[in-house]
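Residue numbers (our numbering): 105 to 184.
Everything below concerns the one structure shown next.
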């Protein structure tokens, strides 16, 4: 489980940065604080299911990508 948590933290940070967002900006869009995002990215805490969905939607990636269920290149999706 620790490996999955670390992969989530790495992918969250990398994807957020690639979108040009600060931790504060992401936090605002997912109804969390900058500190909460920092803890997610540092692997100290994990978001609940609803927050995970908001993160994926805001960043435009799948939950499978964020959670490490898909290897390789992220699978971007288009919201309808």
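Ideal Cβ placement from N, Cα and C applies to all residues, glycine included.
Anticipated Cβ contact below 8 Å, residue 112 with residue 172, distance rounded
7 Å
Distance CB(residue 169)-CB(residue 133) smaller than 8 Å:
no
Which same chain residues end up closer than 6 Å to residue 120 when comparing Cβ atoms and leaving out the 5 residues on each side of it in sequence?
130
Cβ neighbours of residue 158 in the same chain (closer than 6 Å, five flanking residues each side left out):
134
Rounding to the nearest angstrom, what Cα-Cα distance links residue 161 and residue 148 in this structure?
22 Å
At which residue ranges does the segment 105 to 164 contain complete alpha helix (DSSP H) runs of 4 or more residues, listed in the order of the chain?
106 to 122, 127 to 133, 138 to 145 and 153 to 163
C-beta contact flag for residue 127 and residue 138 at 8 Å:
yes
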